[in-house]
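Engineer: Those letters in the sequence shown? Residues 172 to 493, by the numbering used here.
For every residue, glycine included, the Cβ atom is placed at its ideal position computed from N, Cα and C.
Could you have a look at this structure, given as structure tokens, before my questions?
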Amino acid sequence: MTKPTLTQPLVFQPIFMERVWGGRRLESLYGKRLPPAVRIGESWEMVDRPEAQSVVNDGPFRGQTLHMLWEKHRKEIFGDAPDGPSRTGVSRFPILAKLLDAQETLSLQVHPPAEKAQELGGEPKSEFWYIADTAPKARIFAGLNKDSTRVEFVKAVKLGRPDRHAYKIPVAPGDAIFLPSGRLHALGAGNLIVEIQQNSDTTYRVFDWDRGKKGGSSRKMHIAEALQCIDFTDRAPSLLKQEGESLVSNSLFSIEKWLLRTDREIAPSGRFAIVVCLTGELECAGLRFKPGDFFLVPAQLEDRVLRPQGEDVSLLRVTLPE
């Protein structure tokens, strides 16, 4: 069997997720071909999980899943990337990349830190949000108010109003925040975001805005688990302040925002990178990309130069730490 040759970036077929809080802006803003008459809240653009697999859309690797690439073509596509999560003994690509369209506010929730995740049978999850588009007066919820305590929060949970203790942050396009596991949070209505996260899907909901009482779907809460995971010392967090091009860099991933004014190599040969086109259009190895497009530049791709096609071209560059 002839081994496929790397000639272009890898583009994956998005996986659309219906959500009670979702909308249709992924179609109207980015031209995604959504299934009709449903509210799509998430587009999983790059995922390697047992229940969901990204599939290469075109080119020599067409039809192969992200997990197949991770297992069979690790060096040529991912370079020296270390093994990802392996709860069941199976190594997986460590990043999950998404678009989220929140027509309504998401549940107030928390993801477990590593030590609690293991105890509760879940997976740790830290994530990064980039605000790509917003409605007027949009906001997010992150952490607790400056004067909130665990005792007060537990009382509020019993009264059905824990949201009163969630710290509210006004947001606008271009804002970003890092949400470490243990941070109470909710994405507010009207926001469309890029989410880069650990390869995990464990969420503990503590409040869902009385959706069931208002005629919507009543969803399961996880009060006991959430109270074990929330970091009650995490008060009034700030949005990220971009330092040079860097937005966040930690042991999970490094994310930069580039304003692409001239041709530029995305990463040195031997290192892969994920690119999210934010504004304008750009070209790489003969493929053209527009806002809302995600693609992966393999470690051994020869032509790894990004070329702006016009003005006002911006992107997110996602890599694993060296």
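#1: Give the single residue among T305, V365 and F183 whose Cα lies nearest to the Cα of D229.
#2: Got a sec, what are the start and stop residues for the alpha helix (DSSP H) L291 sits in?
#3: I'd like to know whether the C-beta atoms of A407 and G331 end up nearer to each other than 8 Å.
#4: Would you list the residues sitting across from W241 in a DSSP beta bridge?
#5: In angstroms with no decimal places, state the Cα-to-Cα distance between A397 and V281.
#6: Determine whether the beta carbon atoms of Q289 and R210 lie at a separation below 8 Å.
#7: Going straight from the alpha carbon of E452 to that of L472, what length do you get?
#8: Quick one, are the C-beta atoms of L279 and P333 less than 8 Å apart?
#9: Within the same chain, show all residues whose beta-carbon is closer than 8 Å to that of I437, passing over the 5 residues directly before and after it, in chain order.
#10: Which full runs of the beta strand (DSSP E) of 3+ residues lie inside the segment 342 to 381, going along the chain?
#11: Sort out for me which residues DSSP pairs C448 with in a bridge.
#12: For E216 and D381, I'd like the C-alpha separation in whole angstroms.
#13: Can you name the residues that DSSP bridges to S420?
#14: Within the chosen definition, does the segment 308 to 325 reach the segment 338 to 355 through at least 3 CB pairs nearer than 8 Å?
#15: Determine contact between the segment 361 to 368 and the segment 296 to 314, defined as no fewer than three beta-carbon pairs at a distance below 8 Å.
#16: Entirely within the segment 188 to 227 and at least 3 residues each: give me those beta strand (DSSP E) ranges in chain order.
#17: When you measure from the CB of F465 to every non-hydrogen atom of the ligand ZN, does any distance come out below 7 Å?
#18: Starting from the Cα of E482, find the closest Cα among R390, L431 and F466 and give me that residue.
#19: Quick check on P439: buried or exposed, where buried means 16 or more other Cβ atoms within 10 Å of its Cβ?
#20: Spatial neighbours of S422 within its chain, please: C-beta separation below 8 Å, excluding the five flanking residues on both sides.
#21: Name the residue from I311, F349, K329 and S319 whose alpha carbon lies nearest to the alpha carbon of I340.
#22: Quick check: A223 and I186, are their CB atoms within less than 8 Å of each other?
Structural biologist: Well, looking at it:
#1: F183
#2: A285 to L291
#3: no
#4: Answer is none; W241 lacks a bridge partner.
#5: 6 Å
#6: no
#7: 20 Å
#8: yes
#9: A444, V446, C455, V468, R475, V476, L477 and R488
#10: 347 to 350, 356 to 358, 363 to 369 and 375 to 378
#11: L486
#12: 30 Å
#13: S425
#14: yes
#15: yes
#16: 211 to 217
#17: This structure simply doesn't include the ligand ZN, nor any ligand for that matter.
#18: L431
#19: exposed
#20: P492
#21: I311
#22: yes
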